[in-house]
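Numbering (the numbering used here), first residue to last: -7 to 481. See structure below.
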RNA sequence: CGGGGCGUGGCGCAGCUUGGCAGCGCGCCUGCUUUGGGAGCAGGAGGUCCCGGGUUCAAAUCCCGGCGCCCCGACCA
């Protein structure tokens, strides 16, 4: 029987990828459209994913010495204007508050598009001596960017994120911090979100407005388009100069601090959907899934109490894992199977009269559809193993897909053909010239996603090795090293 | 900012061309029968047809104006 018959509500990816995405986020109840353009409600199930992402990242931030804090939503216009490059970069998408308490404000307040301006202002007050360094803070908050075209999770007017901000005594320390946080993103996205990300450096053109250098982790979605999944910036001393963040060093001289900032957002939820989802809906990696498993009792009238009692006992024995017993009477087992599959729960546990006779339960994997019979008293031992297997398999699948979708190109003709016919990551040479980069973008829609970090294994490693020494894909000139191109979200 | 699509019970849509009782499917409520891949039957509730104006005996339908949402491209997490 055709698989799609079960999920009428979801458009298949092959028919219309965008519609599939919208169907998944709405039907799985991750979000709903709010009455304000470009804004969405993150519903409990979607927010549960975000909480799991926070739960994966926050301890890693703490373990590396960072502390959480909270800075105001409103930023005085004059603060934003101080750093010209930064301001120019953001002003088109800033929302302003000009009235408050029924009166016109003396100075308009920007609703933060990011908090560099506010946080740097505070840093200037807090930092006096080399003994005050490093300053390592992070905040979980919302930001607003007035986008013209929005998409649930991927680009919304208001979104949730985390922004880390640090000050250091030396350039080397700031660079090390920038790289450390990129590494943390890379590890966390790979281990917990099962995303096969490629870490690398951004080109001048693609870097953060006001940064010395920007690093990012890039992931490939199942439609062959890339998504920037996290960024880490070495801000140099640009903001320190503008906001007068000075410290008296050991040598008795006043110096500007060296800064970093880094962030990931609810956009990661979009990445999870587009990397792991299939035509039946969401597929969530166990470490991030709000629910590890759902127990679906199959309880004909006559055996109802017997089955439910056993199901409750099984549920109680799985305390410590995130398991829900779906004992709703208003839906049939088949309905529940489809519903929880659509919502991406990693494991379904079926328990019916036939299973009770055999003192077993049926465990079914969401990612592969495989089912296995497990003795009732063995489920609490088997489930964690199975979840680990699923987590691993999903990562492998994402890695293999990304690796398979990476093409090596030698010249311009090949480059255009690959982008038009296959998409995916394209590895090739780049001479380093911004005009070449610009032409490539104008003519193909593809951008340089990153200059991959050397010595870090990633799904594009093989292609990079083969591409060493290849000339620029556009002009044919000498290229210092291969880069990764793609069309991107 | 360009291109396309759409606004009709909670959701998805038909009706509009050619003006004349506001309909269908799903969902919802009640009852009974059901339960191993989206159960069946019976009864029932639910509508400013996006908004404003105009034409007309009569407007969901025709005309004018506005608003909103979604999708796709260019710019950005």
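By construction, the Cβ of each residue, glycine as well, lies at the ideal position given by its N, Cα and C atoms.
Fewer than three pairs of CB atoms, one per stretch, sit closer than 8 Å, so the region 225 to 244 makes no contact with the region 133 to 143. In this structure residue 257 is in contact with residue 151, their Cβ atoms being roughly 5 Å apart against a cut-off of 8 Å. The beta strand (DSSP E) runs lying completely inside the region 178 to 209 and spanning 3 residues or more are 190 to 193, given in chain order.
Per DSSP, the beta bridge partners of residue 342 are 288, 354. In the structure shown, the three-state DSSP call for residue 437 is coil. When C-alpha distances from residue 129 are compared across 105, 13, 255, the shortest belongs to 255.
Burial state of residue 342 is buried, judged by a 10 Å Cβ sphere holding 16 or more other Cβ atoms. Here residue 165 has 126, 250 as same chain residues with Cβ atoms under 7 Å from its own Cβ, once five neighbours each way along the sequence are excluded. The region 448 to 468 and the region 416 to 433 touch, with no fewer than 3 CB-CB distances between them shorter than 8 Å. Rounded to the nearest whole angstrom, the C-alpha separation of residue 270 and residue 38 is 17 Å.
For residue 384, the enclosing alpha helix (DSSP H) starts and ends at 371 to 396. Residue 47 has its alpha-carbon roughly 27 Å from the corresponding atom of residue 15.
When the alpha-carbon of residue 184 is set against those of 89, 361, 380, the nearest one is in 380.
A straight line joining the alpha-carbon of residue 355 with that of residue 370 spans about 11 Å. Annotation for residue 218: the continuous beta strand (DSSP E) segment containing it runs 218 to 228.
The Cβ-Cβ distance between residue 366 and residue 350 does not fall below 7 Å. Boundaries of the beta strand (DSSP E) around residue 32: 32 to 34.
Closest option to residue 474, judged by alpha-carbon separation, among 19, 63, 422, 319: 422. Taking one beta carbon from each stretch, the region 438 to 451 and the region 386 to 403 have 3 or more pairs nearer than 8 Å; the two touch.
Residue 303 and residue 317 do touch by the CB rule: their CB atoms are close to 6 Å apart, below 8 Å. Remark: three or more beta-carbon pairs, one from each stretch, lie closer than 8 Å, so the region 106 to 114 and the region 57 to 69 are flagged as touching. Beta-carbon to beta-carbon, residue 201 and residue 78 are separated by about 5 Å, close enough to satisfy the 8 Å threshold. In its chain, beyond the 5 residues on either side, 219, 259, 262, 481 have a beta carbon closer than 8 Å to the beta carbon of residue 146.
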